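Encoded as structure tokens, the structure appears first; notes follow it.
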Amino acid sequence: MDIKVLFSWWGYRGVQSEAALIARAQEAGYDGIEGEPPLCSPAEWQKLRAESGIANLILVGDRDIEEHVRKMELAASYAPDGIISHTASDEFSFDEGCRFIERCLKEEQRLGLPVVHELHRGKLFYHPVVTAQYARKF
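Shown next, in the form of structure tokens:
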């Protein structure tokens with residue numbers, strides 16, 4: 158198993174350049190960075206990643222499936238190692254949640270990137286018991 162420890166750039170995005178954040182993460186011993194899409198262009202980000210060799214997961218999230226898919230597509234344009242999803246909303250019924258997940262699974266296949274659905278307050282997977290119900294279904 159290859160375990161990587163990633164630096165979260167929550168609170169840093171836009172404060173420092175992407176190159177400075179990569180250097181900071183590497184100096185601190187991290188294997189990569191996770192967070193929202195970089196502010197630089199996808200081409201610039203891919204160049205920085207190639208030069209540094211860092212791992213990268215990009216975070217997306219929206220309760221509207223079409224907007225969520227658009228954000229997944231944007232994330233994919235940066236060529237990350239995968240996508241972290243803050244999926245849907247805890248207000249969704251089980252059936253609504255299932256439809257959202259089904260669409261995310263189709264997009265994951267289409268984009269060719271692994272998508273991980275984070276257990277997070279206010280989102281579809283807000284509690285382990287609820288998450289287990291979806292895990293049994295899928």
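According to our numbering, the stretch in the sequence shown is residues 158 to 295, in order. All C-beta atoms, glycine included, are put in the ideal place defined by N, C-alpha and C. For clarity, every value in this text was computed on a predicted model and none was experimentally measured.
Original post:
Are residue 238 and residue 228 close, meaning C-beta to C-beta below 8 angstroms?
Top reply: Start at 1 with the first residue of the sequence shown, and residue 238 comes out as number 81. Start at 1 with the first residue of the sequence shown, and residue 228 comes out as number 71. No, these two residues do not count as a Cβ contact at 8 angstroms.
Subject >> Where residue 234 sits in the DSSP three-state scheme >> reply: For the purposes of this step, residue 234 is taken as the residue at position 77 of the sequence shown. In the structure shown, residue 234 sits in a helix (DSSP, three-state: H, G or I).
Original post:
To which residues of the same chain is residue 202 closer than 6 angstroms at the C-beta, ignoring the five residues directly before and after it?
Top reply: Counted from its first residue, the sequence shown places residue 202 at position 45. Around residue 202: 195 and 235.
Original post:
Can you check whether the CB of residue 241 is closer than 8 angstroms to the CB of residue 275?
Top reply: In the sequence shown, the residue the question calls residue 275 occupies position 118. In the sequence shown, the residue the question calls residue 241 occupies position 84. In this structure, residue 241 lies closer than 8 angstroms to residue 275 by Cβ.
**OP:** Quick one: grab the DSSP three-state call for residue 184.
**Re:** Residue numbering aside, residue 184 sits at position 27 when the sequence shown is read from its first letter. In the structure shown, residue 184 sits in a helix (DSSP, three-state: H, G or I).
Subject >> Counted within 10 angstroms of its Cβ, other Cβ atoms place residue 178 as buried (16 or more) or exposed >> reply: Reading the sequence shown from its first residue, position 21 is the one you call residue 178. Classification of residue 178: buried, given that the 10 Å Cβ count is 16 or more.
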